[in-house]
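Heads up: the sequence shown runs through residues 116 to 1015, numbered per the working numbering. Take a look at the structure set out below.
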Amino acid sequence: MEQKNWKAFGLSKRSTERFTSHWKEPKSSSRISNREERTQWSETKQWLHVGFILLTSSFLIGLSYWGWSHEPQIVSDNEATLGYFSAERAFQHVDYLSSKIGPRAFGTRSLESAQKYIWQQVEKIQQYARDHSADYSLQLEWQTVSGTHITQRHGRSLSTSCYTYQNVTNIIAILCNKKVCDLREERDRSLLVVNGHVDSAIGSPGASDDAIACGVMLEMLFSWIRNPNRNKLKHPVIFLFNGAEETFLNGAHGFVTGWKWIAKVGALLNLESSGSGGLALLFRSGPKNAWLSKAYAKAVTRPHASVVAQDIFEKELIPSETDFRVFWEFASIPGIDLANYINGETYHTRRDAIDRVTWGLVQHMGDSAVQLVEQLVAKEDMIVDAYEHFEYQDEKSIYYDVLGLITVYGLEKYWNVCFIILLVLTFQLVMKRVRNGRVNYSLVLCFYPVWIVSCMLTFLVSVSFGWFLHSVLKRSMSWYGKVGLAEWIFGSLGLALVMKLLPLLLSYISMWMAGRKVDNVSSFFVSTKSTIYEPIWLSYMLFEATMLVLFVSFRLRLSYLPAWDVLCSLLVGHLLPLGDKRWQFMISIIHFIPIALFRLPCGYMAIATFVPMMGRIGDRMISDMIIGGLCSLFTVLSSFPLIIGCMSYSAPFHYIKRLVALLFCCSLVLVTMIRIPYDADRYPKRLYCNHLRVMDTNGQIEQQGLFLRGLDARKVSPHSWYNDMPSIQSFLNETKFEWGYMSSDPWNDDAKKKESHPVVSCTLPLSTKPWKENAAPQLVVLEDSWNDEQRVVRVKLSFPGGNMARFSFNASLLNWSLSSRLPRPNSKGFMTVRHLRCHDCDDFEFSFTTKDRKAIAFDLVNILFSWDKELEQLQSMLPVYVTMNHCQSYCSSFLVSHDE
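See the structure below:
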């Protein structure tokens, strides 16, 4: 190439000589060049270097997995004589609540039995404190509350959800110093609430969700009183056993709006669960109030924390909520949210039983909770200090654990300063290499888009392949029963694509820059000399810096992940020769260290959370596309440094590519062999069944149906290609079923769509008589009058024997008696209220004012959690791997018209 052509790329004379000497044509043939390459780098040495990369990276992966998963040492009852938290004692409470009592849905007798058991256990602890003259005392309070709350469905929606509740019961235990236990003397915002819920999901024993929390809280009380050497409490601690979390968080709402000492509460420690094993993760802290994550960092000796999980929750990527939201939204009480998430396939099913709960989880949640309580109100007075220094309340923090050994913590604003410094140093290093003539800046800039293109193509191909699995191969969710299979098939697909694509793109760019033509493009890159690798590493550094800029711009606190990669790249860039082929194996391993320590645990957490979630996310999303994009992108982003290192060695790299392709092919064959991904033990298929009866004014059945809905991508339908339930497939039928003045369907989806859509029903023979006499809801008009051009309506609603209810009406409200806030009408112009009630509640009354002169329509639904013979028959016909949640719905409609 002529000198003037090189000047077009902005090269100096010195860099031109270096670069042109690199691209000198071979003297005779390509075989001479290959022979020289083999002379300098023998295949043996290549395999040794690649072997070092693979072995060391495997060790780092194993180390990161150990740090993410290792459990604390179990403390037995015999070893807990000094008052340490004992998983064995706590496990006894979990066993009783989930096995002896069983499902504890709100409004059932079993929930009352569970609350009675907890009350008796706290009384025993109270008596133990008296008998042994302990330094602490316990006060007990039984709270019964009723109320209404209106919440926004999610942050990006204008629609609201309205919930009312009657006679929700909470148990409040107050742990305080023996001599001083008067809440009236406590200052505002000084108390800590430890919260767990007693109720369970419909039909679920709730061993992990949330009997674990109840057992942990009871053991915390007992161990605290037994230990005479603990630091004295500076303020009382409130233990709230709330009775209604699964049904719209009403128990927590009743506490924060109805407890007379709520103004004294300054912080929340919430214990939750969405799985049956693993560790208790700190997945949410604050909001803002960085002092809470600081307390966790100082206190917990076996940390398991991730601000990445908080980013996911705050972006509403997980369709669930905890009592944490109620405490903050209605009482501005910040808190700490702890929950386990491993083995979430049995979450909210009848398989959430005691045999799946691990002692390690109980021990870890208990240890973490005890240490946090000590830090907040015993060792230090952190809650009071935080409210005295207002700057702590408005600060966000970045926190994460390192191998489960320590917690790294810092204010977000200081982290952002560090990120900016890293970015400046990164661009300074690149410019320094360019100015010194060691690197062709055009080559760096041309290599830079390769990383972005690789990620985008990987994501698109994996998502497309997920659609292919679902729609063409008819093997949707074949990976569901084998979580590792999702990573094998989608991860190997992304890896194989990038290992083929990356050298190809780099080769084409290199040839274009050199003005050369080569017969074998794919082998051109790996056969070049060392000077090509420095531009590659520098472009990769710029790619990581770009991710850092994006995360910081969107205020994502997971920006610490690319920040560690950038820092490592800076150290390597200053200490090692990036362009020396002999050091490529070491450079790639050093780059992989922060990925193994920080990024891989986040990937484990994401996969362990989202794969089980696909079994309950609904039938309107293609799970394979979601998991495909997640697994492949995570694998590729974590593997870039290793790929660069292995590309330096031609022969091993080609074998590795073939091995990855073989892994993908084997995984694909395995996926095609799996027709039913469920099993009767850990991976059930979720099915929801509603036996809906529309009643007339005389209590007779007008129409009815047994309606089914699957909760995953393998739809339950007579036309579905997935025959997961062959025993009832012939009984399935699709129909457009509407009832009432609001044209409601069995799943109340009319709030989202103005046009009805078909629902799946089961055509089993149905009795013409209601299973429960007098279960039809009733409406009585107590008042319907005009006052100052306003219409006042007061009604009494009856839901005989129901556990839950729902009513809709089409009035344009001016105000109503349930709340000072008015709900927003849905797309059809009416309001829906979900009403929670105990099984023996009185009738429900409310009033409202409107200017409507027309008749007001009411649709009422009385919901029972009990079985009837049709539901029992359907259950007996289902395969053993299907778990069915069920309810009975009795529906009635009424018109309220004002007589002039």
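Heads up, the beta-carbon is just placed ideally off N, CA and C, and yes, glycines get one too. The model shown is predicted, which means the values in this text are computed figures rather than measured ones.
Item checked: Close Cβ partners of V1011 (< 6 Å) along its chain, the five nearest in sequence each way excluded -> Within the same chain, and ignoring the five residues on either side of V1011 in sequence, the residues whose Cβ sits closer than 6 Å to its Cβ are V896, I971.
Next item on the list: Report the partner residues of V598 according to the DSSP bridge assignment.
Entry: Paired residues: none, contrary to the question.
Item checked: Cβ separation of A484 and V331, assumed to be a contact under 8 Å, to the nearest whole Å -> 6 Å
Note to self: Give me the DSSP bridge partner(s) of T279.
What the structure shows: Within the DSSP bridge table, the entry for T279 names T263, H950 as partners.
Check: Can you round the beta-carbon distance between V565 and Y556 to whole angstroms, since I take them to be within the 8 Å contact cut?
Finding: Rounded, the Cβ-Cβ distance is 16 Å, inconsistent with contact.
Margin query: DSSP has K911 in a bridge; who is on the other side?
Written below: Note: K911 sits in a beta bridge opposite V895, E960.
Next item on the list: Tell me whether the beta-carbon of A890 lies closer than 7 Å to the beta-carbon of Y996.
Entry: Result no, Cβ atoms of A890 and Y996 do not sit closer than 7 Å.
Notebook entry, point to check: Under a Cβ-count criterion, where at least 16 other Cβ atoms within 10 Å of its own Cβ denotes burial, should N902 be classed as buried or exposed?
Noted result: Exposed.
Check: In angstroms, rounded to a whole number, what distance separates the CA positions of M571 and I758?
Finding: 17 Å
Check: Is it true that the CB of S319 sits closer than 7 Å to the CB of D210?
Finding: no
Next item on the list: Have a look at T362, N385, D482 and flag the residue whose alpha-carbon is nearest the alpha-carbon of F354.
Entry: N385
Next item on the list: In angstroms with no decimal places, state the Cα-to-Cα distance between V751 and E659.
Entry: 13 Å
Item checked: W582 in three-state terms, based on DSSP -> helix
Next item on the list: Hey, could you find the ends of the alpha helix (DSSP H) F174 is sitting in?
Entry: 158-184
Next item on the list: Have a look at Q815 and P892 and give me their C-alpha separation to the nearest angstrom.
Entry: Rounded to the nearest whole angstrom, the C-alpha separation of Q815 and P892 is 12 Å.
Item checked: Q1003 versus L575: straight-line alpha-carbon distance, rounded -> 44 Å
Next item on the list: Pick out whichever of Y837, M497, V313, T416 has its Cα sitting closest to the Cα of L383.
Entry: Shortest Cα-Cα distance from L383 to any of Y837, M497, V313, T416 involves M497.
Checklist line | Range covered by the alpha helix (DSSP H) that runs through G373 | finding: 365-373
Next item on the list: Would you identify the three-state DSSP class for S1008, choosing helix, strand or coil?
Entry: strand
Checklist line | Assigned exposure category for M788 - 16 Cβ within 10 Å defines buried | finding: exposed
Next item on the list: Inspect the CB distances between the stretch 696-716 and the stretch 489-508 and report whether three or more fall short of 8 Å.
Entry: no
Notebook entry, point to check: Between the Cα of D811 and the Cα atoms of I287, A288, T883, P756, which residue gives the shortest distance?
Noted result: T883
Note to self: So, with DSSP's three-state summary, where would you put A288?
What the structure shows: strand
Next item on the list: Determine the closest residue to S184 out of H1001, L951, C717, with distance taken between C-alpha atoms.
Entry: C717
Next item on the list: Please state if the CB of A776 and the CB of A611 are separated by a distance shorter than 7 Å.
Entry: Remark: C-beta atoms of A611 and A776 approach each other more closely than 7 Å.
Note to self: For T275 and R829, what's the separation of their Cα atoms in angstroms?
What the structure shows: Per the coordinates, the alpha-carbon of T275 lies some 30 Å from the alpha-carbon of R829.
Checklist line | For F980, three-class secondary structure by DSSP | finding: coil
Check: So what does DSSP say about M626, is it helix, strand or coil?
Finding: helix
Checklist line | Which listed residue (K589, F534, S577, L407) has its alpha carbon closest to that of Y502 | finding: For Y502, the nearest C-alpha among the options comes from L407.
Notebook entry, point to check: Can you tell me whether D516 is buried or exposed, with buried defined as 16 or more other CB within 10 angstroms of its CB?
Noted result: buried
Next item on the list: Report the three-state DSSP secondary structure of C561 (helix, strand or coil).
Entry: helix
Checklist line | Where N385 falls: helix, strand or coil (DSSP) | finding: strand
Checklist line | Pick from I176, S1008, L993, P792 that is closest to G855, judged by C-alpha positions | finding: S1008
Item checked: Same chain, Cβ closer than 7 Å to Q988, five either side skipped, listed in chain order -> L879
Next item on the list: Would you mind working out which of H312, I722, L394 sits nearest P418, comparing C-alpha positions?
Entry: L394
Margin query: Taking the straight line between their C-alpha atoms, what separation do you get for G182 and I624?
Written below: 41 Å
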